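Structure record follows, encoded as structure tokens.
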């Protein structure tokens, strides 16, 4: 279900929130301990295929690394090849799948790929 305005506002006020923006795009993530999660990434149609998402993700990776995050996770639609290619370019690998995760208003459900990237090698 979509987030309510109150839930979104409360999340943004939390210190685990990471909010990265540019003129035509934004990325929202959560940083907890040595892990982070990309919650959403959106780029305006006029700004797509111009590097906005790559720039936001690169900034998020830097923020996460500064806070001691070792690994970042995300979920992406199995039917979004552009996003999958972006994440692979950033070093993300598929680590799992959530069957029928996305429920579009019409048509069949869509699987989500779980992807992750290691930022900092774990200490022995």
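In the working numbering, the protein residues as written are 1064 to 1187. Every residue, glycine too, gets a C-beta built ideally from N, C-alpha and C. Keep in mind it's a predicted model, so treat the numbers as computed, not measured.
For residue 1099, the pairing in a beta bridge is given by DSSP as 1094, 1135.
Rounded to the nearest whole angstrom, the C-alpha separation of residue 1105 and residue 1131 is 25 Å.
The three-state reading of DSSP puts residue 1155 in coil, since its state is none of H, G, I, E or B. Secondary structure note for residue 1176: its beta strand (DSSP E) is the uninterrupted segment 1173-1181.
In the DSSP assignment, residue 1067 falls outside any alpha helix (DSSP H), carrying neither H nor E.
DSSP, read as helix, strand or coil, puts residue 1122 in helix.
Cα atoms of residue 1144 and residue 1079: separation of roughly 29 Å, rounded to the nearest angstrom.
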